[in-house]
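Take a look at the structure below.
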Amino acid sequence: MSFVIAVPDAVTAAVSDLANLGSVLTTANAAAALPTTTVVAAAGDEISAAVAALFGSYAQGYQSLSAQAAAFHERFLQTLSAGAGAYTAAEAANASPLDQLMGVVNAPAQALLGRPLIGNGANGADGTGAAGGDGGILLGNGGNGGSGAVGQVGGTGGAAGLFGNGGTGGTGGEGAAGGLGGRGGLLLGNGGAGGVGGVGATGLVGGTGGAAGFLGNGGTGGAGGASNMGGDGGMGGTGGTGGFFGNGGFGGDGGDGAVGGAGGAGSFLGGGGVGGTGGVGAAGGDGGAGGTLLGDGGNGGQGGAAMTGILGGLPGQGGNGGNANWFGSGGAGGQGGTGLPGTDGTNPTPGATAGTGSAGADQSNNGNVTGDNGNPGDAGTGDEIGGTGGAGGLGESTDGNSGTGGMGGIGGAGSTLQGATGGNGDTGGAGGNGGRGGMFIGNGGAGGTGGTGAAGYAGGTGGDGAVGGVGGLGGNGGTGGAGGAGGTGGAAGFIGIGGNGGAGGIGGVGGIGGIGGAGGDGGIGGAATTTSGTTTGGIGANGVLGGDGGTGGDGGAGGTTGGSGGAGGVIGWAGSTGATGAGGTGGQGGQGGAGGSGGNGGTSQTGGTGGAGGDLALGGQGGAGGSGGNGGTSQTGGTGGAGGDLALGGQGGAGGAAGGTGGDTGLDGLLGVPGSSGQTGEIVP
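Encoded structure:
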């Protein structure tokens, strides 16, 4: 019974619950008393009367027992309530003497050393940068440091006594560093975490984590402060040193553009802390060294990603792994940061238009004669746009049906410019080097993996050809960024294996090729004239091919050669070289340009047939069919041009003036859509 304890509040709550339960049972018994004790006989015979009397006697016996149970319940509640009151009174009576006794015990230590014997230290007030109070000499945690005012460093966390954890450092005021973490208990306890660095034009460094005592881990370093003026953030704080038996604390994360804090070192027996992650564009922190006698080095922190914007930079390198001392393995290097993507390619500037081709010769006869075809337009040179094809010659007749107008000339070739190549992605950051193994026994740490290269951006769109011209080539996609180099493996000690080199980073994906320029329109069909009979306008020239789609971007180069393996120990072997990173995927080819429109019909009764659309361009989409030629002063519109492969059919030619029937629907392209019918003409007076 010497280990039995009582909680007066819990006993008082139990008394209340039991009283409620007794009240419910008493109410139920009272409600059942009358119906069960005065049972009416089922009939007027003696047997029915005897049965009713028997059940009534049972009910009366139950009511008697219930009354005795209720009395016992009441006495039990009174006893339990009295016990709770006695416990409460005893605690109240003993509280003052115990407080007085604790005051008597703590008074000499407080007066002599400025800290109590047992108890936690007080927290520093925020906005003052005051340090946290130290914990009790025998038992107690250190108080947390107060945050600093503008320009004031955060308060240092209070130290623990023999047993306890150190207090957390206060956050630095604007333009000031974070406070240091408090020391852990001398015998048992962890160091306090460092305070976060304050904001400023340049962020301030985070506070260093507190050191541990005999048994315990060092405190984590504080994170670096942010910049409020576009500058670099503050560096992460260093992790605290581990105790005699204990690990070093983790390094704090760096602010944007600042290095992560280094991991804390082990003291005698214990591993080093992990380095903090680097801020954007900055390296990760180095891992802490292992314990003096035994312990592994801490792993390096991961490098920060590349910074975006006008002032953007390269990604950060991974932190180096911590070295072991006598016995232990070196820490692994941190992974490099990821690179930025490239920029878009831009369109070329169109050049001047080349000369127009000459018209075909007229033909005159008494029969149906076809005029000569127009000559091709001049080809564009350099950055010029191709010229317009010449008009077809007139087909004339003075008797019978007139000749057919000549076919319009093919337009000149379009601009030779192609869209600009998309920008290349950034190279990923290099992996950190592995830490050295223990001087006597231990393996070297593995090198960090290189960062991933970023994807290239799409190439620019090729320039459009002139009337009848071939569109320009689309720009090439940008090359993906190369993967970062792997870190070097750490060397082994006297007995041990060297660390493996880190693998190279993966190359970025190549950009998509730009879209080819649209092909130009075909030349105008030659006109046909007559003084009698029917006439047919010349067939418009076929549209020219659309520009070729741009070449897909090259895949990013694989990471440069993986890191070198670490040297083996005197008894042991060297580590292997890291693998080379995989190359990036090539970009997709661009789309072909649209085919040119068909030429207009001549001045005849039947409009000219629209030109056929351009065929499928290299790697791209087929061109659209050309529009049918417009009817002349006639009754029937021209027929729409045939669609290009994998594209749309041309639009039917418009009917001539004077009430003619609309032109026929254009022919279907391969897997294309038929062209629309031509418009109805007007009646010739």
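At position 479 of the sequence shown the residue is numbered 479 (the UniProt record's numbering), and the sequence of numbers has no breaks. The C-beta atom is built at its ideal place from N, Cα and C for all residues, glycine as well.
Which residue's Cα is closest to the Cα of residue i: the options?
i           : options                        : result
Gly132      : Gly210, Gly445, Phe214, Thr488 : Gly210
Ala332      : Ser57, Gly257, Ala69, Gly287   : Gly287
residue 686 : Gly263, Thr26, Leu269, Ala93   : Outside the shown range of the chain (1 to 685) lies residue 686, about which nothing can therefore be said.
Gly273      : Gly260, Ala283, Leu138, Gly103 : Gly260
Pro8        : Gly334, Leu101, Gly83          : Gly83
Gly318      : Asp253, Ala69, Gly248, Thr156  : Asp253
Leu215      : Asp17, Ala223, Gly266          : Gly266
Ala13       : Ser48, Ser64, Ala42, Gly85     : Gly85
Gly207      : Gly336, Gly56, Gly249          : Gly249
Asn120      : His73, Ala160, Gln152          : Ala160
Ala223      : Gly169, Gly242, Gly243, Gly213 : Gly169
Gly271      : Ala6, Gly281, Thr292           : Thr292
Ala212      : Gly337, Ser96, Gly44, Gly167   : Gly167
Asp280      : Thr241, Gly330, Thr338         : Looking at the sequence provided, one finds Val at residue 280 rather than Asp. For the residues Thr241, Gly330, Thr338, the minimum Cα distance to Val280 belongs to Thr338.
Thr241      : Ala31, Gly234, Ser64, Gly251   : Gly251
Arg75       : Asn247, Val15, Ala32           : Val15
Arg115      : Asn141, Asn433, Ala30, Ile497  : Asn141
Ile497      : Gly200, Gly330, Ala70, Asn433  : Gly330
Gly200      : Leu65, Asp99, Gln152, Ala71    : Gln152
residue 751 : Asp256, Ala6, Ser66, Gly237    : Examination of residue 751 is not possible in this model, given that the chain is present from 1 through 685 alone.
Gly22       : Gly154, Pro97, Gly487, Leu77   : Leu77
Leu187      : Gly236, Ala49, Gly172, Asn217  : Asn217
Ala122      : Thr156, Ser96, Gly219          : Thr156
Gly63       : Gly434, Ala33, Ala89, Ile118   : Rather than Gly, the amino acid found at residue 63 in this sequence is Gln. Nearest of Gly434, Ala33, Ala89, Ile118 to Gln63, Cα basis: Ala33.
residue 729 : Thr488, Ala130, Gly124, Asp99  : No answer is possible for residue 729: it lies beyond the span of the chain, which begins at 1 and ends at 685.
Ala130      : Gly172, Trp326, Asp45          : Gly172
I'd like to check one pair, residue j with residue i: are the Cβ atoms closer than 9 Å?
i      : j      : result
Gly181 : Gly194 : yes
Gly300 : Asn323 : no
Gly184 : Asn165 : yes
Gly178 : Gly225 : yes
Gly328 : Gly290 : yes
Ala92  : Gly127 : no
Gly295 : Gly278 : no
Tyr87  : Val196 : no
Gly334 : Gly448 : yes
Leu139 : Leu112 : no
Leu25  : Leu80  : no
Ala446 : Gly490 : yes
Ala41  : Ala59  : no
Gly135 : Gly143 : yes
Gly198 : Glu174 : yes
Gly234 : Ala262 : no
Gly321 : Gly499 : yes
Gly264 : Gly236 : no
I'd like to confirm something about residue i: is its beta-carbon nearer than 8 Å to some heavy atom of the ligand GDP, or not?
i      : result
Gly172 : No copy of the ligand GDP occurs in the structure displayed, which carries no ligand at all.
Please classify residue i: does DSSP put it in a helix, a strand, or coil?
i           : result
Ile495      : strand
Val15       : helix
Phe244      : coil
residue 686 : One cannot answer for residue 686 here, as it falls past the ends of the chain, which runs 1 to 685.
Phe76       : helix
Ile118      : strand
Gly200      : strand
Leu34       : helix
Ala6        : coil
Phe55       : helix
Leu21       : helix
Leu293      : coil
- [ ] Could you name each continuous alpha helix (DSSP H) segment of 4 residues or more that falls completely within the stretch 141-186, going from the start of the chain to the end?
- [x] Counting whole runs of 4 or more residues, the stretch 141-186 contains no alpha helix (DSSP H) stretch at all.
Open item on the list: Could you check whether the stretch 101-115 touches the stretch 23-42, counting it as contact only if at least three pairs of C-beta atoms, one from each stretch, sit closer than 8 Å?
Closed with: No: the two stretches stay apart, fewer than three of their Cβ pairs being nearer than 8 Å.
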